[in-house]
Amino acid sequence: MLPATVPTSHYLALSALLFLIGAVGVLVRRNAIVIFMGIELMFNAANLAFIAVGRQLGSLDGQVVAFFVMTMAAAEVVVGLGIVVAIFRHKQTVNVDAVNLLKW
Amino acid sequence: METIIFYITGVVMVAAAAAAMLQRNAVHTVLLLVLTFCGFAVLFLLCGAEVVAVFQVIIYAGAIMAVYMFVLFYVGSAGGEAPWRRWREAPLPIAAGFAGVLVLLGCIAYAIRSAYMPQPQGAYGGAREFGAALFSLKYALPVEMASLILLVGMVAVVVLILRPPPEQEEED
């Protein structure tokens, strides 16, 4: 018989798994846009851990922190993709191996 | 019921996230990540975080992934890449990286197992309580800083995009 509520450890395990998938994506991929998406996945996995622990402790702080993380992620995406577009206009590529100089 | 939804959603999310990260076509990556983020919203609802779940769908699955789509369409096929081809280029570092990932996973599993956590009461929090907590004096400074950071992001993106293309820059 399954328990009525999911134990917090299962939420944390799922969160860790998704975080690792995002981290592997960031490390393995060379497309700057896909690297950003891996970072998004990691943000969301952290949010899941915050909210699951907040439920465990009976506190709303976890949800509020997750909300702020989403705000930061939105700002990060806008600036990051702006930089990607600037690099693309400069170099006609978004492959991070081609962007290995700080100037030009 | 909650348990069944959790496990089905979790399996779908892990499969979609893994497929997204191994996908050659970046547009498919975006679509699979939208599925993953909707799964996050379901889990947030199970935890009682209604407001965060709604924002997850609107902001993440909607707005942010739409921005990714726009940039992908702008960049075109320049983003094409075969992630598995890199195995032959550098097998040793990649194998070492995956070994490190497995060690990290083991450490996390051990830490989670050894932590004492009583069975939670169930879903906690609602929209009314969340709003009262977010706009209480406790979070007044973080809320203002978040608004400032969003403003900085907006200004930064305008500066980045309005800069003239490199050909015109080199003339002066």
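Listed in order, the protein sequences are those of chains S and Y.
For reference, each letter of the first sequence is one residue, going 178 to 281 in my numbering.
For reference, each letter of the second sequence is one residue, going 5 to 176 in my numbering.
For every residue, glycine included, the Cβ atom is placed at its ideal position computed from N, Cα and C.
Nothing here was measured: the structure is a model prediction, and the numbers come from that model.
Chain S within 8 Å of Y:Ala160, Cβ atoms only: Translated into the one-based positions of the second sequence, residue 160 of chain Y becomes position 156. Output row for Y:Ala160: interface = yes.
DSSP bridge partner residues for S:Asn272 (one or two, in chain order): For this step, residue 272 of chain S is matched to residue 95 along the first sequence. Its beta-bridge partners are S:Asn208.
8 Å Cβ cut-off: residues of chain Y touching S:Leu194: The residue given as residue 194 of chain S occupies position 17 in the first sequence. Listed by position along chain Y, the residues whose Cβ is nearer than 8 Å to that of S:Leu194 are Val18, Leu109.
Residue-chain proximity (Y:Tyr128, chain S), Cβ-Cβ < 8 Å: By one-based count along the second sequence, residue 128 of chain Y stands at place 124. At least one CB of chain S lies nearer than 8 Å to the CB of Y:Tyr128.
Environment of S:Arg232 [buried if 16+ CB atoms lie within 10 Å]: Position 55 of the first sequence, counted from the first residue, corresponds to residue 232 of chain S. Buried.
Sufficient close CB pairs (3 or more, under 8 Å) joining the segment 20-37 of chain Y to the segment 65-75 of chain Y: yes
Y:Thr13: first and last residue of the uninterrupted alpha helix (DSSP H) it sits in: Your numbering for residue 13 of chain Y matches position 9 in the second sequence. First-last of the alpha helix (DSSP H) with Y:Thr13: 6-26.
Buried/exposed call for Y:Ile12, threshold 16 Cβ in 10 Å: Taking the first residue of the second sequence as 1, we reach residue 12 of chain Y at position 8. Classification of Y:Ile12: exposed, given that the 10 Å Cβ count is below 16.
Buried/exposed call for Y:Phe77, threshold 16 Cβ in 10 Å: The residue labelled residue 77 of chain Y in the question sits at position 73 within the second sequence. By the 10 Å Cβ count, Y:Phe77 comes out exposed.
Nearest-angstrom Cα separation, counted from Y:Gly110 out to S:Glu253: Mapped onto the first sequence, residue 253 of chain S falls at position 76. Mapped onto the second sequence, residue 110 of chain Y falls at position 106. In a straight line, the C-alpha of S:Glu253 is about 30 Å away from that of Y:Gly110.
Per-residue contacts from S:Met247 into chain Y (C-beta, under 8 Å): Position 70 of the first sequence holds residue 247 of chain S. The contacting residues are Val56, Phe59, Gln60, Ile63, Tyr64.
Closer than 7 Å: Y:Ala160 CB and nearest the ligand NAD heavy atom: Absent from the structure shown: the ligand NAD. Ligands present: none.
Proximal residues to S:Tyr188 (C-beta, below 6 Å), its chain only, five neighbours per side dropped: Within the first sequence, residue 188 of chain S is the residue found at index 11, counting from 1. Excluding positions up to five away in sequence, the list reads Ala229.
C-beta atoms of Y:Ile9 and S:Ala190 nearer than 8 Å: Residue mapping note: residue 9 of chain Y aligns to position 5 of the second sequence, counting from 1. Residue mapping note: residue 190 of chain S aligns to position 13 of the first sequence, counting from 1. No. Outside cutoff.
At least 3 beta-carbon pairs within less than 8 Å: the segment 17-33 of chain Y vs the segment 241-258 of chain S: no
Residue nearest to Y:Leu164 in terms of C-alpha spacing, selected from S:Ala222, S:His267, S:Ala275: Taking the second sequence and counting its residues from 1, the one referred to as residue 164 of chain Y is at position 160. Taking each of S:Ala222, S:His267, S:Ala275 in turn and checking the Cα distance to Y:Leu164, the smallest one comes out for S:His267.
Per-residue contacts from S:Met154 into chain Y (C-beta, under 9 Å): Any property of residue 154 of chain S remains undetermined from this structure, which presents chain S solely from 178 to 281.
Below-8 Å beta-carbon distance, Y:Pro95 vs any chain B residue: Checking the listed chains, one finds no chain B in this structure; the protein chains it contains are S and Y.
Within-8 Å CB hit, S:Val276 to chain Y: Here residue 276 of chain S refers to the residue found at position 99 of the first sequence. Not one chain Y Cβ lies under 8 Å of S:Val276.
CB of S:Val246 within 8 Å of CB of S:Ala223, strictly: Looking up residue 246 of chain S in the first sequence gives position 69. Looking up residue 223 of chain S in the first sequence gives position 46. Against a cut-off of 8 Å, the Cβ pair of S:Ala223 and S:Val246 comes out as a contact.
Supposed close pair S:Gly202, Y:Met25 - CB separation, criterion 8 Å: Within the first sequence, the letter at position 25 stands for residue 202 of chain S. Within the second sequence, the letter at position 21 stands for residue 25 of chain Y. Their Cβ separation, rounded to whole angstroms, is 3 Å, which keeps S:Gly202 and Y:Met25 in contact under 8 Å.
Helix, strand or coil at S:Gly199 [DSSP, three-state]: If you number the first sequence from 1, residue 199 of chain S lands on position 22. The answer is helix: DSSP assigns S:Gly199 an H, G or I state.
Collapsed DSSP secondary structure at Y:Val56 in the structure displayed: For the purposes of this step, residue 56 of chain Y is identified with residue 52 of the second sequence, where counting begins at 1. In the structure shown, Y:Val56 sits in a helix (DSSP, three-state: H, G or I).
Whole-Å CB distance - S:Arg206 paired with S:Ile212, under 8 Å assumed: Taking the first sequence and counting its residues from 1, one reaches residue 206 of chain S at position 29. Taking the first sequence and counting its residues from 1, one reaches residue 212 of chain S at position 35. The pair is a contact, with the Cβ atoms about 6 Å apart (cut-off 8 Å).
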